[in-house]
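Each remark here refers to the structure printed beneath this line.
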Amino acid sequence: MEDLSPEQQVAAFTAAGAFAGAAIGSVESVWQIPKLGEIASFSNQLRNIGLRAVSFGAVACFYAAGKEAAASIRAKDDVFNPAIGGFVAGVVPGVLRKSGKIGLAAGGAMATVMTATEYFSKGAEPTVNKWATRYDYLKK
198 MEDLSPEQQV AAFTAAGAFA GAAIGSVESV WQIPKLGEIA SFSNQLRNIG
248 LRAVSFGAVA CFYAAGKEAA ASIRAKDDVF NPAIGGFVAG VVPGVLRKSG
298 KIGLAAGGAM ATVMTATEYF SKGAEPTVNK WATRYDYLKK
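For the sequence shown, our numbering gives the first residue as 198, with consecutive numbering after it.
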């Protein structure tokens, strides 16, 4: 992801978040169907899938935009940028639930998780690079 521009990173995060939300929403909509009861309407299932896709996409978009904005404004690339992005992304659950407390709690939790993830993944070689070097080794 480091080779993408900030705009491309935001777009990639948003698309990945929306895809993950659609996958989770489809599983949730199937779980809500009663075993021997009336089958839920297709429009209700699509509404559940769409709600999850939009909410996950919004969280991913706000995280990427917050992280890139913090990096641009601060002119630094350190562990505080994901913390700011995570806190900004935590606003989405608060807005969906219409609660400031949930927004602050989710923002704090996401900031903590994203900061820890960024801190412990520094210096780790991306999986794509590992497989590329193995492939080059096997081609010889």
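Think of the CB as a built atom: it goes at the ideal place given N, C-alpha and C, for glycine as much as any other residue.
Worksheet entry | Classification of Arg294 by the beta-carbon crowding that lies within 10 angstroms, buried from 16 upward | To locate residue 294, count along the sequence shown from 1; it is residue 97. Arg294 should be labelled exposed.
Worksheet item: What's the gap between the Cα of Gln242 and the Cα of Glu322?
Response: As a first step, residue 242 is located in the sequence shown; it is residue number 45 there, counting from the start. As a first step, residue 322 is located in the sequence shown; it is residue number 125 there, counting from the start. Gln242 and Glu322: Cα-Cα distance of roughly 40 Å.
Fill in: Selection from Gly304, Ile299, Gly297 and Gly320 that minimises the alpha carbon distance to Phe259
Along the sequence shown, read from residue 1 onward, the residue named residue 259 stands at position 62. The shortest C-alpha separation from Phe259 is found at Gly304.
Worksheet entry | Nearest-angstrom Cα separation, counted from Ile221 out to Gly214 | Within the sequence shown, numbered from 1, the residue matching residue 214 stands at position 17. Within the sequence shown, numbered from 1, the residue matching residue 221 stands at position 24. Taking the straight line from one Cα to the other gives about 10 Å.
Practice prompt. Measure the CB-CB distance between Ala308 and Gly291 and report whether it falls below 9 Å.
Written response: Translated into the one-based positions of the sequence shown, residue 308 becomes position 111. Translated into the one-based positions of the sequence shown, residue 291 becomes position 94. No, the pair does not count as a contact, with Cβ atoms beyond the cut-off.
Worksheet item: With 16 other CB atoms within 10 Å as the buried threshold, where does Ile246 fall?
Response: Start at 1 with the first residue of the sequence shown, and residue 246 comes out as number 49. Counting Cβ neighbours within 10 Å, Ile246 comes out buried, since at least 16 surround it.
Worksheet item: Closest by CA to Ala280, which one among Ala261, Lys298 and Val325?
Response: Locating residue 280 in the sequence shown gives position 83, where the first residue counts as 1. Taking the Cα of Ala280 as reference, the smallest distance to any Cα among Ala261, Lys298 and Val325 is reached at Ala261.
Worksheet item: By Cβ distance, which residues of its chain are closer than 6 Å to Ala267, with the 5 residues on each side in sequence left out?
Response: Locating residue 267 in the sequence shown gives position 70, where the first residue counts as 1. The residues are Asn278 and Ile281.
Item to complete: Take Ile230 and list the residues in its own chain whose beta-carbon comes closer than 7 Å to its own, dropping the five residues that flank it on each side.
Response: Residue 230 sits at position 33 when you count from the first residue of the sequence shown. Excluding positions up to five away in sequence, the list reads Ile236 and Ala237.
Worksheet item: Does DSSP put Val276 in a helix, a strand or coil?
Response: One-based indexing of the sequence shown puts residue 276 at position 79. Here Val276 sits in coil by DSSP.
Practice prompt. Thinking Val285 and Gly263 are a contact (beta carbons under 8 Å), I'd like their distance in whole angstroms, please.
Written response: The residue you call residue 285 lines up with position 88 of the sequence shown. The residue you call residue 263 lines up with position 66 of the sequence shown. Contact flag correct, Cβ pair sits at about 3 Å.
Practice prompt. If I'm right that Arg244 touches Ala219 with Cβ under 8 Å, what's the distance once you round it to whole angstroms?
Written response: By 1-based counting over the sequence shown, the position of residue 244 is 47. By 1-based counting over the sequence shown, the position of residue 219 is 22. About 12 Å; that fails the 8 Å criterion.
Worksheet item: Are Ala212 and Leu201 close, meaning C-beta to C-beta below 9 Å?
Response: Numbered from 1 along the sequence shown, position 15 holds the residue referred to as residue 212. Numbered from 1 along the sequence shown, position 4 holds the residue referred to as residue 201. No.
Worksheet item: With DSSP run on the structure shown, which of helix, strand or coil describes Lys264?
Response: For the purposes of this step, residue 264 is taken as residue 67 along the sequence shown, with counting starting at 1. Correct three-state label for Lys264: helix.
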